[in-house]
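Engineer: Position one of the sequence shown corresponds to residue 285 (the working numbering), numbered consecutively onward. Idealized CB from N, CA, C, for every residue including glycine. Note that the structure is a prediction, hence the values are computed from the model and not measured. The structure's right below; bear with me while I get my questions together.
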Amino acid sequence: MRLRSIELNLPGAAEAADFLTSIWGLAHAETGPDGTRYLRGSGPFPYLVALAEADGPSIRCTSFVADEAVIAGIAARARAAGWPVKDTVSADPGGGAGILVQLPEGEVFRFLHGTSDVAPIEGRDLPVKLTHVVMNATDAEATASAAEKVLGFRVSDRTKGMVFVRCNNSHHSVAFARAGHSSLNHIAFEMHDLDAVMRGIGRLRDSGMAPAWGPGRHGPGDNAFAYFVAPFGAVVEFSTAVEIVPDDYRVGAPDDWTWPQNRIDQWGISDKDVAALAAAERNFRYRPLSL
Numbered sequence: 285m286r287l288r289s290i291e292l293n294l295p296g297a298a299e300a301a302d303f304l305t306s307i308w309g310l311a312h313a314e315t316g317p318d319g320t321r322y323l324r325g326s327g328p329f330p331y332l333v334a335l336a337e338a339d340g341p342s343i344r345c346t347s348f349v350a351d352e353a354v355i356a357g358i359a360a361r362a363r364a365a366g367w368p369v370k371d372t373v374s375a376d377p378g379g380g381a382g383i384l385v386q387l388p389e390g391e392v393f394r395f396l397h398g399t400s401d402v403a404p405i406e407g408r409d410l411p412v413k414l415t416h417v418v419m420n421a422t423d424a425e426a427t428a429s430a431a432e433k434v435l436g437f438r439v440s441d442r443t444k445g446m447v448f449v450r451c452n453n454s455h456h457s458v459a460f461a462r463a464g465h466s467s468l469n470h471i472a473f474e475m476h477d478l479d480a481v482m483r484g485i486g487r488l489r490d491s492g493m494a495p496a497w498g499p500g501r502h503g504p505g506d507n508a509f510a511y512f513v514a515p516f517g518a519v520v521e522f523s524t525a526v527e528i529v530p531d532d533y534r535v536g537a538p539d540d541w542t543w544p545q546n547r548i549d550q551w552g553i554s555d556k557d558v559a560a561l562a563a564a565e566r567n568f569r570y571r572p573l574s575l
């Protein structure tokens, strides 16, 4: 299974697309018949972000690609657990069919099979793919446990702030933040390497935007990072690839991830704009799944 894309509804979709292509570094893939803008990275996925015009910000879904048999198992377990499940045929680039599933706190995940990829494009400064999507949760432990039991994901690590969950051998494709509410925490874009992350920081500084946090290096996942609050209201992250872990990876506990006083990552070289990030992390919420 692979994390593929996130689909957002928001006012000012054209302006958001302009920021993500002209400054952040994504490439325009196509515009749908309904005006939805699809933006891609340098990798083989047809798009990473979909932006649809709407009256207010929300998340349509977060999309994964998987084998048909895997998706059938998820559908059966989700229905047995009483979760809303909807069969779907994708009209987005790459096509495919599968299911939409709504988790207990409202997160809507889409699982597709039979999707098509596209030829990679050149560009060392383009994001390659989504490396992870983090959701705020009222009860992160319960949500992560549900993801394990029903979706077949596996918990990789726990910190005081998050539960990190994987759907393949990447340390995490999803994490649930212990926030006390349900919403989008941030979207992380995988860059080619550390230099690409640093050049991305410089590119945004050239446009008058300073990082809300970073550069730094996380403990869980061991990825270098830089977070920004995008003009359209979401928190977005430049990230190096997260750690590849074996099947028998030992699940870390909060006490395994502690830092010296006044440090919140491995490097300890940057400050964190907690207020700005916390405000932006409340902006995008999942819409209820319409059955």
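List the residues that DSSP assigns as beta-bridge partners of L414.
Structural biologist: F473
Engineer: Along the chain, where does the alpha helix (DSSP H) containing V481 start, and where does it finish?
Structural biologist: L478 to D490
Engineer: Run through the DSSP bridge pairs and tell me what F395 is partnered with.
Structural biologist: In the DSSP assignment, F395 is bridged to F348 and I383.
Engineer: How would you write the range of the alpha helix (DSSP H) that R427 sits in, first residue to last?
Structural biologist: The residue you asked about is not Arg; residue 427 is Thr in the sequence shown. Its alpha helix (DSSP H) spans residues A424 to A430.
Engineer: On a Cα-Cα basis, can you pick out the residue from N507, K556, A298 and Q550 that is closest to V519?
Structural biologist: It is K556 whose Cα lies nearest to the Cα of V519.
Engineer: Does DSSP classify L573 as helix, strand or coil?
Structural biologist: coil
Engineer: So the beta strand (DSSP E) A314 belongs to, where does it begin and stop?
Structural biologist: Looking at the sequence itself, residue 314 is Glu, so the reference to Ala does not match. Per DSSP, E314 belongs to the beta strand (DSSP E) from A311 to T315.
Engineer: Quick check on the burial criterion: 16 or more other C-beta atoms within 10 angstroms. Buried or exposed for N507?
Structural biologist: buried
Engineer: Would you call the region 315 to 327 in contact with the region 448 to 460, where contact means no fewer than 3 C-beta pairs closer than 8 Å?
Structural biologist: no
Engineer: With 16 as the cutoff for other CB atoms within 10 Å, does D371 come out buried or exposed?
Structural biologist: exposed
Engineer: Based on Cα-Cα distance, which residue from G503, Y511 and D531 lies nearest to P544?
Structural biologist: G503
Engineer: Round the Cβ separation of H397 and D441 to the nearest angstrom and send it over; I've been treating them as touching at under 8 Å.
Structural biologist: Not really, about 29 Å apart at Cβ, beyond 8 Å.
Engineer: Contact criterion: CB-CB distance below 7 Å. Does L396 meet it with respect to chain D?
Structural biologist: Chain labels in this structure do not include chain D; a single protein chain is all it has.
Engineer: Indicate whether the contact test is met: 3 or more Cβ pairs, each with one atom in the region 385 to 399 and one in the region 336 to 355, closer than 8 Å.
Structural biologist: yes
Engineer: Run the CB neighbour count on L575, radius 10 Å, all protein chains shown included, and call it buried at 16 or more, exposed below.
Structural biologist: exposed
Engineer: Which one of D318, G407 and R286 has the shortest CA to CA distance from W308?
Structural biologist: Ranking D318, G407 and R286 by Cα distance to W308 puts G407 first.
Engineer: Give every residue of the same chain whose Cβ lies closer than 7 Å to the Cβ of F512, excluding the five residues on either side of it in the sequence, and list them in chain order.
Structural biologist: Taken in chain order, the residues that qualify are L488, M493, P495, A496 and V520.
Engineer: In whole angstroms, give me the CA-to-CA distance for D376 and E565.
Structural biologist: Each residue's Cα considered, the two are about 26 Å apart.
Engineer: Taking 7 Å as the threshold (C-beta atoms), are R288 and V349 in contact?
Structural biologist: Contact check for V349 against R288 passes: the beta carbons are separated by less than 7 Å.
Engineer: Within 10 Å of its beta-carbon, does R450 have 16 or more other beta-carbons around it, so buried, or fewer, so exposed?
Structural biologist: buried
Engineer: Which residues does DSSP pair with V447 in a beta bridge?
Structural biologist: For V447, the pairing in a beta bridge is given by DSSP as R442 and F460.
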